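In what follows, a single structure is set out as structure tokens and then discussed.
Number of protein chains: 2
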Amino acid sequence: MIDAVRRFEGFEEVQRVMACALERVRDRFDSHLASDLPAVDRLVRHVEHYRGKMLRPMLVIAGGLATHPQAATTPGESLGSLIGDDHITAAAVCEMVHMATLVHDDVLDEADVRRGGRTVSRLHGNEAAVILGDLLIASAYHLCSQLDSQRSALLIGRVSMEMCSGELLQLHHRGDYSIDEATYFEIIRRKTGALIAASGELGAMHAGASPEAARAMAWFGSRLGLAFQIQDDVLDLIGREDVVGKSVGRDLAKSKLTLPVIHHLASADAVERGRSLAAIDDACREDAPPEASRAVRQRLDATGSIAHARTVAGALVAQARAALDPLAPTAAREALFAMADAAVDRAR
Amino acid sequence: MIDAVRRFEGFEEVQRVMACALERVRDRFDSHLASDLPAVDRLVRHVEHYRGKMLRPMLVIAGGLATHPQAATTPGESLGSLIGDDHITAAAVCEMVHMATLVHDDVLDEADVRRGGRTVSRLHGNEAAVILGDLLIASAYHLCSQLDSQRSALLIGRVSMEMCSGELLQLHHRGDYSIDEATYFEIIRRKTGALIAASGELGAMHAGASPEAARAMAWFGSRLGLAFQIQDDVLDLIGREDVVGKSVGRDLAKSKLTLPVIHHLASADAVERGRSLAAIDDACREDAPPEASRAVRQRLDATGSIAHARTVAGALVAQARAALDPLAPTAAREALFAMADAAVDRAR
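Protein chains in written order, with this note's numbering: chain A, 1 to 348; chain B, 1001 to 1348.
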């Protein structure tokens, strides 16, 4: 009982340390992106509206706290000392790389809404959005170089390459109604899993964690990333724009087949499959009416394909949690567990 | 006489060493960009068609040869030993950053032709072009991290940020008929001069050059870069597509005012200025007929504005040459002089 209370108290300390660290990450992000050119600075400030849950910075910070060699022996009130300046920088780098992909995604998706606000591409045109995304990538690498850690730089470079190849693979399979689950997972591992895995790993690396602990954090992040993307894809199919905070139904409109649809097509019999393909084809048209995607959703329900995707995401969260078994049972690890659970238990 | 011949012979050796080094740069570029995903690899191979003069890699190599502490005492047949593996990597990095901007520029410019071939955006769509550009940037940074030189990484990161801010500044002043020369120079210093300056500086840095020699190379590159961009802008106004090898007349079509036009508007009297603005406005329309830009060219000639731009470019080349005064008078320095002269004395 006393132990449980102590863990709960530790949990509050972790929340406080993380909130404080995230505030510093926001400052580092903004100050590094600030421009001496007023016209550029105005555009850059629009990126603030894209800021969401800050999942990747949270993972850097919580990963650092949970894997630090002194994690188990540091009292709650001293936890903040485990987070160094490099954690703040690494967290800002991960968020910048992520933001760059959001800005470019909006160009690719022709999306109108992001985090409940107008997108850069819609407000300032595609050209501004392309260059702003480039500026975010450049800033991320410049900031990353300040870490003076070749390992971090190589990791961020490699992950950025993987993200692009994942996007290109996805583009290649657009409109491919025979795409299989393996290809879907290859796409989301690269485009989403890799950076979230790197966030966890960077947190551990800059805490001086053991190689085993760093690997555990990378694996935790990669499983969490996949679960997160599957939930995103489910929300794009069944979510409401005003709740999700970004345009929904974009995947079908862009002929992007995600896990529920892939599962459905693989499990329906020949006749139903034919009908589903026709329904999907209708929903894939650029100006498809809302009924078209509603019809697809009903067909997905018939094969339990939304439920299947949720089950897969849940299993990935379980794998993520299991990856942290070797770590000391600290409040920071509890925070990571909570983040994993939240990834699939969210409406946005 | 004997001395002149010896210098000429040395010049041939420098040419040979550079040709050999550029071959290695091409290999490093291609192998670093190669993907394990066939769909991605096919797209990446299209970048080869973008390859042009390789000005930036040439500057890294020639800069390394000209500033090496043993530059003056190394016999011609041993010159190759002054170029290390890091020079090849740094040169490939500079070319990748440049290629990324070319690919994204074609999205922004809606250009059809680049280096005499179809652009990625035209062949595979804007989405593929945006992600391919991102992949090039990511690859450049990943490769740059392999140098294990924080100074190089910070330089490439800073320069990439400057390039983006230059592009954004240019975008901001699109359709601004009162843009002045100072703003034009600020734009081209960032978007073109910075990377060419960095190429020279990286060549010197990785040759173990003195800080003075590295600064001289950076200044040489920055002046050369400005001259190069002015010549590019002149060619866009007066060049022929089949000679220049890329779409011409794009600047006016995108309401981008360059040095000759800015000079003309500043030097014409009020009445002529009014007429010119009308002519420029006609040429700035998306579907302007060829006569429209021809009319602008005639008006530019009336104020000698093309000649003015060429004079400015020539003066910048002279400044570039003067920057190399402190370097030993080697054949490599002659090669740099020749590159500077070629920048303004070209039809493409």
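Glycine residues also receive a C-beta, built at the ideal position from the N, C-alpha and C atoms.
Remember, predicted model here, so these are calculated numbers, not experimental data.
Taking C-beta atoms under 8 angstroms as the contact rule, Leu65 of chain A and Val25 of chain A fail to qualify, at a distance of about 14 angstroms.
Secondary structure of Leu1257 of chain B (DSSP, three-state): coil. Separation of Asp1233 of chain B and Asp1251 of chain B (C-alpha to C-alpha, rounded to the nearest whole angstrom) is 8 angstroms. Take the alpha-carbon of Ser305 of chain A and the one of Leu327 of chain A: they are about 35 angstroms apart.
In this structure, the beta-carbon distance from Asp1086 of chain B to His1172 of chain B does not fall below 8 angstroms. In this structure, Ala1128 of chain B places its C-beta atom within 8 angstroms of the C-beta atom of Leu168 of chain A. The alpha helix (DSSP H) runs lying completely inside the region 1090-1169 of chain B and spanning 4 residues or more are 1120-1145, given in chain order. Taking CB atoms only, Ile1131 of chain B has a neighbour in chain A less than 8 angstroms away. Distances from the CA of Ile1188 of chain B to each of B:Lys1256, B:Ala1318 and B:Asn1126 were compared; the closest alpha carbon is that of B:Lys1256. Around the Cβ of Glu1291 of chain B, a 10 Å sphere holds fewer than 16 other Cβ atoms; the residue is exposed. Approximately 6 angstroms separates the beta-carbon atoms of Leu147 of chain A and Thr89 of chain A; this is inside 8 angstroms, confirming the contact. Counting C-beta atoms within 10 angstroms of its own C-beta, Gln231 of chain A has 16 or more neighbours from the protein chains shown and is therefore classed as buried. Taking the C-beta atoms as reference points, Pro1038 of chain B is found no nearer than 8 angstroms to Ala1091 of chain B. Shown in chain order are the members of the region 148-164 of chain A whose Cβ falls below 7 angstroms from a Cβ of chain B: Asp148, Gln150, Ala153, Leu154, Gly157, Arg158, Ser160, Met161 and Cys164. Annotation: Cβ neighbours of Val107 of chain A in chain B (cutoff 9 angstroms, chain order): Val1107, Asn1126, Glu1127 and Val1130. Leu1277 of chain B: member of the alpha helix (DSSP H) spanning Ala1270 to Cys1284, first to last residue. When the beta-carbon positions are compared, Gly1203 of chain B and Val1060 of chain B come within less than 8 angstroms of each other. Here Ala138 of chain A is not near Cys144 of chain A, since their CB atoms are 8 angstroms or more apart. Cβ-Cβ distances below 8 angstroms link Phe337 of chain A to Arg321 and Leu324 in the same chain, with the five nearest sequence neighbours on each side left out; the list follows chain order. By alpha-carbon distance to Glu181 of chain A, the top candidate from A:His46, A:Arg299 and A:Ile262 is A:Ile262. The C-alpha of His142 of chain A is placed about 45 angstroms away from the C-alpha of Val296 of chain A. The beta carbon of Leu1033 of chain B is closer than 6 angstroms to those of Val1044 and Ser1139 in its chain, skipping five residues each way along the sequence. The beta carbon of Pro1069 of chain B sits closer than 8 angstroms to those of Ala1207, Gly1208, Ala1209 and Ser1210, all from its chain and outside the five residues before and after it, given in chain order. Here DSSP, grouped into helix, strand and coil, assigns Leu300 of chain A to helix. Asp1287 of chain B and Ala1253 of chain B have their alpha carbons spaced roughly 8 angstroms apart. Contacts between Val271 of chain A and chain B, judged by CB atoms closer than 8 angstroms, are missing: the closest CB pair is about 32 angstroms apart. When B:Gln1170, B:Ser1031, B:Arg1028 and B:Ala1072 are compared, the shortest CA-CA separation from Leu1259 of chain B is found for B:Gln1170.
Rounded to whole angstroms, Ser1276 of chain B and Asp1301 of chain B show a C-alpha spacing of 12 angstroms. Proximity of Ala1138 of chain B to chain A, defined by a Cβ-Cβ separation below 8 angstroms, is satisfied. In the three-state reduction of the DSSP assignment, Asp85 of chain A falls in the helix class, which pools H, G and I. Using a Cβ distance threshold of 8 angstroms, Gly133 of chain A and His104 of chain A count as a contacting pair.
Within the region 16-93 of chain A, the alpha helix (DSSP H) runs of at least 4 residues that lie entirely inside it are, in chain order, 38-45 and 55-67. Excluding residues up to 5 positions away in sequence, Ser1222, Gly1225 and Leu1226 lie with their Cβ nearer than 6 angstroms to the Cβ of Gly1193 of chain B in the same chain.
The beta carbon of His308 of chain A is closer than 6 angstroms to those of His263 in its chain, skipping five residues each way along the sequence.
Under a criterion of Cβ atoms nearer than 7 angstroms, the residues of chain B adjacent to Ser35 of chain A are, in order, Ser1165. Rounded to the nearest whole angstrom, the C-alpha separation of Gly200 of chain A and Arg333 of chain A is 12 angstroms.
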